[in-house]
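Q: Got a structure for you, written out below as C-alpha cells; questions coming shortly.
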Amino acid sequence: AQSVTQPDIHITVSEGASLELRCNYSYGATPYLFWYVQSPGQGLQLLLKYFSGDTLVQGIKGFEAEFKRSQSSFNLRKPSVHWSDAAEYFCAVGPMIYNQGGKLIFGQGTELSVKP
Amino acid sequence: GAVVSQHPSWVICKSGTSVKIECRSLDFQATTMFWYRQFPKQSLMLMATSNEGSKATYEQGVEKDKFLINHASLTLSTLTVTSAHPEDSSFYICSATGRGPNSPLHFGNGTRLTVT
C-alpha cells in the first residue's frame, strides 16, 4: 500500500533553534518526494522535492531534506527556525508525471509552532 | 505571483443549495487538475482528477453526483457541490499541471466552504 507517515502531529521549537520534521513513506515504485508548507487558510507552497541524484536537497526559505532509501525516510530540516516558519508542513510522495494518471499522497501533516 | 487562482476564497451557503468553486490556471495550459478536500487539522484527501475535455476520475468514496467537476477548457476547472449539507463544510483545494512530462504542480489557495 502507498502511504506517507508523519509521526509528529505538532512540534514546538524556540526561534533560532534547529528543526527536523520526520517523514516515512511506503511506495511501490520509485518515489518522488515532496515537502509542502501551508499557512492557515492558504493553499500549499512547495518547499522542495526529490526526484533523483544527490540525496540531500535544498529548498526555499532555508529548508533542506535528506532522502534515505534504506529507511524510507525524507526528513525536513532547518538549522535556525524563524517565527514566520510557523505553519503546517506536509510530506508527499507521488509520481513525477502528474498528467499521466499519477497523484500525490500526502502525510497527515505536522503543525509547527515557534516560541519567541 | 500565483499561477493557479481559486475562487471564491470563502463561501457560506445554506443547506440544500449548490456552490460552484472555480480553479483557473493563469499562465499555463492546465491539462490535468486535481481537487482535494481538507478537514481541519487533517491532510489533503484527493477527491478527483480531471483532464481537459474528459470526464473526471473520482476517488473511491467520493460521490460524483454530489461533487460535479467540469474541466471544459485548458485554463478552467470547476467543482460544484450540489445540495450542500453541513457535513460538506470543508476546505477545498485545487491543483493543476500542464502538458509536458516535467510540468510542475501548482496549488490554488483553497476555498473555505461553510454550509449552514
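If you read the protein sequences in the order shown, they are chains A and B. Mapping of the first sequence onto this note's numbering: position 56 corresponds to residue 56, and the numbering continues sequentially without gaps. Just add 1000 to the spot in the second sequence (first one is 1) and you have this note's numbering. All residues carry an ideal CB built from backbone N, CA and C; glycine is no exception.
Starting from the beta carbon of R1112(B), find every residue of chain A whose beta carbon is closer than 9 Å, and list them in chain order.
A: Against the second sequence, residue 1112(B) aligns to sequence position 112. Chain A residues near R1112(B): G41.
Q: Checking the sheet assignment: what are the DSSP bridge partners for Q1038(B)?
A: Here residue 1038(B) refers to the residue found at position 38 when the second sequence is read from its first residue. The partner list for Q1038(B) (beta bridge, DSSP) reads L1044(B) and F1091(B).
Q: Taking a Cβ distance cut-off of 9 Å, strictly less, list which residues of the region 1038 to 1064 of chain B are near chain A, in chain order.
A: Q1038, K1041, Q1042, S1043, L1044, M1045, L1046, T1049, N1051, T1057 and E1059
Q: For C1061(B) and S18(A), I'd like the C-alpha separation in whole angstroms.
A: Along the second sequence, one-based indexing puts residue 1061(B) at 61. Along the first sequence, one-based indexing puts residue 18(A) at 18. Looking at the sequence provided, one finds Gly at residue 1061(B) rather than Cys. Rounded to whole angstroms, G1061(B) to S18(A) spans 41 Å at the Cα level.
Q: Would you kindly check if the distance between the Cβ of L48(A) and the Cβ of A65(A) is under 8 Å?
A: Numbered from 1 along the first sequence, position 65 holds the residue referred to as residue 65(A). Numbered from 1 along the first sequence, position 48 holds the residue referred to as residue 48(A). It is a contact, given that the beta carbons lie within the stated cut-off.
Q: If I'm right that S1043(B) touches Q108(A) with Cβ under 8 Å, what's the distance once you round it to whole angstroms?
A: Looking up residue 1043(B) in the second sequence gives position 43. Looking up residue 108(A) in the first sequence gives position 108. 5 Å between Cβ atoms; contact.
Q: Helix, strand or coil, according to DSSP, for S1151(B) in the structure here?
A: The first residue shown for chain B is 1001 and the last is 1116, placing residue 1151(B) beyond what the model contains.
Q: Let me make sure I understand the geometry here. Which of G1016(B), A1096(B) and S1005(B) has the alpha-carbon closest to that of Q1029(B)?
A: As a first step, residue 1029(B) must be located in the second sequence, where it is residue number 29. The option with the nearest alpha carbon to Q1029(B) is A1096(B).
Q: Using a Cβ-Cβ cut-off of 6 Å (strictly less than) and excluding sequence neighbours within five positions of Q58(A), which residues of its own chain qualify?
A: Walking along the first sequence from the start, residue 58(A) turns up at place 58. Excluding positions up to five away in sequence, the list reads E64.
Q: I'd like the span of the beta strand (DSSP E) that includes A1072(B), first residue to last.
A: In the second sequence, counting from the first residue as 1, residue 1072(B) sits at position 72. Run containing A1072(B): F1067 to S1073, per the beta strand (DSSP E) assignment.
Q: Opposite E64(A) in the DSSP bridges: which residues?
A: Within the first sequence, residue 64(A) is the residue found at index 64, counting from 1. Per DSSP, the beta bridge partners of E64(A) are Q58(A) and R77(A).
Q: Across the region 7 to 17 of chain A and the region 75 to 85 of chain A, are there enough close Cβ pairs to call them in contact, namely three or more that are closer than 8 Å?
A: yes
Q: Considering only C-alpha positions, which residue in the set R1037(B), H1007(B) and P1104(B) is nearest to E1087(B)?
A: Here residue 1087(B) refers to the residue found at position 87 when the second sequence is read from its first residue. Comparing Cα-Cα distances from E1087(B) to each of R1037(B), H1007(B) and P1104(B), the minimum goes to R1037(B).
Q: When the Cα atoms are used, what is the spatial distance from F1107(B) to V37(A)?
A: As a first step, residue 1107(B) is located in the second sequence; it is residue number 107 there, counting from the start. As a first step, residue 37(A) is located in the first sequence; it is residue number 37 there, counting from the start. Near 11 Å, if we compare the C-alpha coordinates of V37(A) and F1107(B).
Q: Using a Cβ cut-off of 8 Å, pull out every chain B residue sitting near G109(A), in sequence order please.
A: Walking along the first sequence from the start, residue 109(A) turns up at place 109. Here the neighbours are K1041, Q1042 and S1043.
Q: Which of the three DSSP states, helix, strand or coil, is assigned to R22(A)?
A: Counting from one through the first sequence, the residue named residue 22(A) turns up at place 22. The answer is coil: DSSP assigns R22(A) none of H, G, I, E or B.
Q: What residues from chain A crowd round N1109(B), counting only those whose CB sits closer than 7 Å?
A: By 1-based counting over the second sequence, the position of residue 1109(B) is 109. Simply Q42 and G43.
Q: Which one or two residues does DSSP pair with H1106(B) in a beta bridge?
A: In the second sequence, the residue the question calls residue 1106(B) occupies position 106. DSSP output for H1106(B) lists A1096(B) as bridge partner(s).
Q: Pull out every residue of the region 1007 to 1036 of chain B whose Cβ sits closer than 7 Å to any Cβ of chain A, in chain order.
A: T1031, T1032 and F1034
Q: Please determine, among D8(A), P40(A) and R69(A), the residue with the shortest C-alpha to C-alpha distance to A86(A).
A: As a working mapping, residue 86(A) is identified with position 86 in the first sequence. Cα-wise, what sits closest to A86(A) is P40(A).
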